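Residues in the sequence shown are numbered from 1 upward in steps of one, following the UniProt record's numbering. See structure below.
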Amino acid sequence: MREILHVQNGQCGNQIGSEFCEVVCDEHGMQLVGKSGHLICSVNVYYNEASRGGFVPRAVLMDHEPRTMVTIRTASYGKIFWPGNVVYAQSAAGNDWARGSIMKSLSLLKQFLML
């Protein structure tokens, strides 16, 4: 069986990734909390079956600031993401590419590799 891991990084990556997970949920008839619907064949490619009986996206969400993560987690489908796979720093890079890609990313990379 094929399994796909989504690595969602930054505001754009996380917004696109969460929309993708929402589309997969809709296509497979899954409820807002990841409970299985009637079309669960091949859903294991994108999701893990949780111990509580639902499905959790096989995804890691990363960002330099918590704002995007809070927006995703409070959205209608946000509860399906496992909180342990969400990694973020407490401050943004302030539109400074070098600061964000070099200095801030090193600390996030360490957290990401611990998952």
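Positions of the beta carbon are idealized from the N, C-alpha and C atoms, including for glycine. This structure is a prediction, so every number in the text was calculated from the model and none was measured.
The alpha-carbon of V23 is positioned some 16 Å away from that of G54. DSSP, read as helix, strand or coil, puts M69 in helix. The DSSP-derived three-state label of L61 is strand. Secondary-structure assignment with DSSP links V86 through a beta bridge to L61.
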